[in-house]
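Undergrad:
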Amino acid sequence: MNLKISALEYVQGVKNGDISAEDFVAQTMDRIKSIDNNLCAFLSINADAVIQAREIDKKIKSGKKVGDCFGMPVSIKDNICIKDSKTTCASKMLENYISPYDATVIKRLRQQDAIFVGKTNMDEFAMGFTTEFSAYGPSKNPWNQDYVPGGSSGGSAVSVGAFECVASLGSDTGGSVRNPASFCSAVGYKPTYGLISRYGLVSYANSIEQIGPICRTVKDAAFMLNMISGVDSNDNTTIDSRGTDYLQDIECDIEGKKIGIVKEMTGEGTDPAVLSATKDAISKLEGLGAICEEVSVGMTKYSVAAYYTITATEAGSNLARYDNLRYGYDFPLEGYEYNSYIAKARRNFGPEVTRRIIIGGFVPSAGHAGRYFLKALKVKSKLTKEVNELFKRFDFLVSPTVPVLPFKLGEKIDDPVSLLAIDINTVTANLTAKPAVSVPFSNHNGLPIGIQLMADSLQDKSLLQAAYALEQTVSLPEVPI
Ligand code: GLN
């Protein structure tokens, strides 16, 4: 059986009777068993996946109504709750945590008869860029296993890129869906803030983060958006998008669309191979009739600093609950006074999370807030103003998703500041609440390069149309695994 098909091909195949959900899921699980020891995309596996797929086949045979996913095997980042299964956030702190409820996205996929094959590896609490900050060891890039897969949703991107599932859900606070998608040659979609419920997503920086699909094709991302988006009474930041079908009319031409090439995201610090792929993407877009013009987003130079100030502040507050009393290990209180008990508990965090919590305690504190946190909020609002102005004149903004090529495991782990800088092209969409997508575009010596398109708030449908158009201009090599 060919496991390398898209989500839509899978659905069509099951509908036609050419594919049995049980066979497909069984072979997917076999593939995970045979290759994931090396790739480390998964932190846990659903032992009942094949049985659940069998039930779907039975439902189909008996003529019962079946959900639109038809038993499609989907992987889920390990910071999204699935009832009665582990949600570790790749942290020692939550090693034994079992979710008591389903996240809204899980509930919706379940209603549509998706099958969750397992929970995917990530940087601890979604803080990082390479998946090397996982407490359970890094995931490997399927294109070259000496290289990082990107992060923080690295396991999700690897599982899609290495055909260990058909589609995946990740979370994107500053690029964590788009970056690993770009490094693993997958499509990564970060929707407009509020389009997808965050209920059941373990919060890192909840004012800017979104769950997003990582898929093989742009059409699959649109399909996943159809499955999971929309208003949710459990998340009052959600937007009512009912009635929008992201797949319908996706094959729409982009002739006459105006695209801004962001100067600050295509300049200094961009790898020459990435730059040349970006130029190629721009000429392809022009070839499709789009009008491309260089634009400037001046606040970009402060965006990463503002992003880390805001996210560390929110993380400091969101992660206060991991104190062994509410969440964490259940070790006896005897022999400790309050502070030493909490201090012992919080030593379970890894180095990157610890750094963020320390910064998150400092930057918003009395006497410092004006210098750091309030300034960061000013950058956020100025950046939003700038981007909003641009979207009065342009339909989309284009840039490379990541300024560099995938790099070797261990290469940057001792230099966390250099890792932070890699987010330069992705954080703007989060800080301004805009939708953005990474489209696999090129391959340099076996290493994938993704192109990012960004659109104005709630223009997700037209963004997917443009991404689809760009996707059709390329033909990429197959992953060597
Ligand atoms: N690299 C960024 C960070 O560490 C992005 C993470 C994310 O989007 N979850 O915060």
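Counting in the working numbering, the sequence shown runs from 293 upward without gaps.
Quick reminder that beta carbons are idealized off the backbone N, C-alpha and C, glycines included.
Computed from a predicted model, the values in this text were never measured in an experiment.
State the start and end residues of the unbroken alpha helix (DSSP H) segment that holds isoleucine 348.
TA: Position 56 of the sequence shown, counting from 1, holds the residue named residue 348. Residues 341-353.
Undergrad: As an exercise, report each continuous alpha helix (DSSP H) stretch of at least 4 residues that is fully enclosed by the region 492-563, in chain order.
TA: List check, alpha helix (DSSP H) in window: 510-520.
Undergrad: Is DSSP giving aspartate 370 helix, strand or coil here?
TA: Counting from one through the sequence shown, the residue named residue 370 turns up at place 78. Residue state, collapsed to three classes: coil.
Undergrad: Please report the residue range of the alpha helix (DSSP H) in which glutamate 301 lies.
TA: Residue numbering aside, residue 301 sits at position 9 when the sequence shown is read from its first letter. From DSSP, the alpha helix (DSSP H) with glutamate 301 extends over 299-308.
Undergrad: With burial defined as no fewer than 16 other Cβ atoms inside 10 Å of the residue's Cβ, what is the status of proline 434: buried or exposed?
TA: Within the sequence shown, residue 434 is the residue found at index 142, counting from 1. The residue is buried, with at least 16 neighbouring Cβ atoms inside 10 Å.
Undergrad: Going by CA-CA distance only, name the one from Ser377, Leu580, Ala406, Cys507 that's closest to isoleucine 546.
TA: For this step, residue 546 is matched to residue 254 along the sequence shown. Nearest of Ser377, Leu580, Ala406, Cys507 to isoleucine 546, Cα basis: Leu580.
Undergrad: Under 7 Å from any heavy atom of the ligand GLN, does the C-beta of leucine 557 make it?
TA: On the sequence shown, residue 557 is found 265 positions in, with the first residue counted as 1. The sequence shown places methionine at residue 557, rather than the leucine named in the question. No - the ligand GLN has no heavy atom lying nearer than 7 Å to the Cβ of methionine 557.
Undergrad: Let me make sure I understand the geometry here. Which of Asn498, Ala513, Gly486 has the alpha-carbon closest to that of valine 452?
TA: The residue given as residue 452 occupies position 160 in the sequence shown. Nearest of Asn498, Ala513, Gly486 to valine 452, Cα basis: Ala513.
Undergrad: By a C-beta neighbour count over all protein chains shown, 10 Å radius and 16 as the cutoff for buried, is arginine 613 buried or exposed?
TA: The residue labelled residue 613 in the question sits at position 321 within the sequence shown. Under this definition arginine 613 is an exposed residue.
Undergrad: Quick check: the Cα distance between glutamate 770 and serine 444, rounded to an integer number of angstroms?
TA: Residue mapping note: residue 770 aligns to position 478 of the sequence shown, counting from 1. Residue mapping note: residue 444 aligns to position 152 of the sequence shown, counting from 1. The straight-line gap from Cα to Cα measures roughly 24 Å.
Undergrad: Can you tell me the Cα-Cα spacing of aspartate 255 and alanine 637, whole angstroms?
TA: The structure shown does not extend to residue 255, since the chain is modelled only from 293 through 773, so no value can be given for it.
Undergrad: In chain order, what are the residue ranges of uninterrupted beta strand (DSSP E) at least 3 long that sit wholly in the region 566-645?
TA: Runs of the beta strand (DSSP E) inside the region 566-645: 583-587.
Undergrad: Verify the contact flag: methionine 293, CB atom, against every heavy atom of the ligand GLN, threshold strictly below 7 Å.
TA: Looking up residue 293 in the sequence shown gives position 1. Every heavy atom of the ligand GLN is 7 Å or more from the Cβ of methionine 293, so no.
Undergrad: From the DSSP output, in three-state form, read off asparagine 413 for me.
TA: The residue given as residue 413 occupies position 121 in the sequence shown. Of the three classes helix, strand and coil, the one that applies to asparagine 413 here is coil, per DSSP.
Undergrad: Should alanine 418 be counted as a contact of the ligand GLN given a C-beta to heavy atom distance under 7 Å?
TA: Taking the sequence shown and counting its residues from 1, one reaches residue 418 at position 126. Under cutoff, so the answer is yes.
Undergrad: Answer yes or no: do proline 510 and glutamate 678 have a C-beta to C-beta separation smaller than 8 Å?
TA: What you label residue 510 is simply residue 218 of the sequence shown in a count that begins at 1. What you label residue 678 is simply residue 386 of the sequence shown in a count that begins at 1. Inspection of the sequence shows that residue 510 is occupied by valine rather than by proline. Taking 8 Å as the Cβ cut-off, valine 510 and glutamate 678 do not qualify as a contacting pair.
Undergrad: On the three-state DSSP scale, how would you describe alanine 421?
TA: Here the question's residue 421 lines up with position 129 in the sequence shown. Looking at the sequence provided, one finds phenylalanine at residue 421 rather than alanine. DSSP places phenylalanine 421 in coil when its eight states are reduced to three.
Undergrad: So for isoleucine 311, helix, strand or coil by DSSP?
TA: Within the sequence shown, numbered from 1, the residue matching residue 311 stands at position 19. In this structure, isoleucine 311 counts as coil in the three-state DSSP scheme.
Undergrad: As a quick exercise: from Phe733, Asn737, Ala721, Gln757, pick the residue whose alpha carbon is nearest that of valine 469.
TA: Your numbering for residue 469 matches position 177 in the sequence shown. For the residues Phe733, Asn737, Ala721, Gln757, the minimum Cα distance to valine 469 belongs to Ala721.
Undergrad: If you measure from the CB of threonine 465, is any heavy atom of the ligand GLN nearer than 7 Å?
TA: Locating residue 465 in the sequence shown gives position 173, counting from the first residue. Yes, the beta carbon of threonine 465 sits closer than 7 Å to at least one heavy atom of the ligand GLN.
Undergrad: Please report the straight-line C-alpha distance between isoleucine 551 and lysine 384, rounded to a whole angstrom.
TA: Along the sequence shown, one-based indexing puts residue 551 at 259. Along the sequence shown, one-based indexing puts residue 384 at 92. Distance between the alpha carbons of isoleucine 551 and lysine 384: 44 Å.
Undergrad: Which two residues bound the contiguous alpha helix (DSSP H) that contains valine 696?
TA: Walking along the sequence shown from the start, residue 696 turns up at place 404. No alpha helix (DSSP H) holds valine 696; DSSP gives it neither H nor E.
Undergrad: Evaluate alanine 497 with the Cβ neighbour count: other Cβ atoms within 10 Å of its Cβ, from every protein chain shown; 16 or more gives buried, anything less gives exposed.
TA: For the purposes of this step, residue 497 is taken as residue 205 along the sequence shown, with counting starting at 1. When all chains shown are included, alanine 497 counts as buried.
Undergrad: At the level of alpha carbons, what is the spacing between leucine 723 and lysine 672?
TA: Along the sequence shown, one-based indexing puts residue 723 at 431. Along the sequence shown, one-based indexing puts residue 672 at 380. Taking the straight line joining both Cα atoms gives about 6 Å.
Undergrad: Where threonine 320 and glutamate 456 are concerned, what is the direct C-alpha to C-alpha distance, given to the nearest angstrom?
TA: For the purposes of this step, residue 320 is taken as residue 28 along the sequence shown, with counting starting at 1. For the purposes of this step, residue 456 is taken as residue 164 along the sequence shown, with counting starting at 1. So the alpha carbons of these two residues sit roughly 6 Å apart.
Undergrad: From this set, Asp415, Met419, Ala406, which residue's C-alpha is nearest glycine 608's C-alpha?
TA: For the purposes of this step, residue 608 is identified with residue 316 of the sequence shown, where counting begins at 1. Minimum Cα distance to glycine 608 is reached at Met419.
Undergrad: From the DSSP output, in three-state form, read off leucine 325 for me.
TA: For the purposes of this step, residue 325 is identified with residue 33 of the sequence shown, where counting begins at 1. Strictly speaking, residue 325 in this sequence is lysine, with leucine absent from that position. Lysine 325 falls in the helix class under three-state DSSP.
Undergrad: Could you tell me the boundaries of the beta strand (DSSP E) in which glycine 447 lies?
TA: Numbered from 1 along the sequence shown, position 155 holds the residue referred to as residue 447. Note, glycine 447: premise wrong, no beta strand (DSSP E); alpha helix (DSSP H) at 446-453.
Undergrad: Confirm the yes/no value for this check: CB of threonine 320, any heavy atom of the ligand GLN, distance under 7 Å.
TA: Within the sequence shown, residue 320 is the residue found at index 28, counting from 1. No.
Undergrad: In whole angstroms, give me the CA-to-CA distance for isoleucine 651 and aspartate 315.
TA: In the sequence shown, the residue the question calls residue 651 occupies position 359. In the sequence shown, the residue the question calls residue 315 occupies position 23. Approximately 49 Å between the Cα atoms of the pair.
Undergrad: Do the region 685-692 and the region 595-604 touch if we need at least three Cβ pairs shorter than 8 Å?
TA: Touching, no.
Undergrad: Cutting at 6 Å between CB atoms, please list the residues of its own chain near aspartate 615, excluding the five before and the five after it.
TA: Here residue 615 refers to the residue found at position 323 when the sequence shown is read from its first residue. Excluding positions up to five away in sequence, the list reads Ile634, Ala637.
Undergrad: Between Asn737, Val719, Thr422, which lies nearest to glutamate 744 when the distance is taken from Cα to Cα?
TA: Here residue 744 corresponds to residue number 452 of the sequence shown, with the count starting at 1. Correcting the residue type first, residue 744 is glutamine in the shown sequence and not glutamate. Comparing Cα-Cα distances from glutamine 744 to each of Asn737, Val719, Thr422, the minimum goes to Val719.
Undergrad: Between the Cα of valine 766 and the Cα atoms of Ser575, Val655, Arg663, which residue gives the shortest distance?
TA: As a first step, residue 766 is located in the sequence shown; it is residue number 474 there, counting from the start. Ranking the options by Cα distance to valine 766, first place goes to Ser575.
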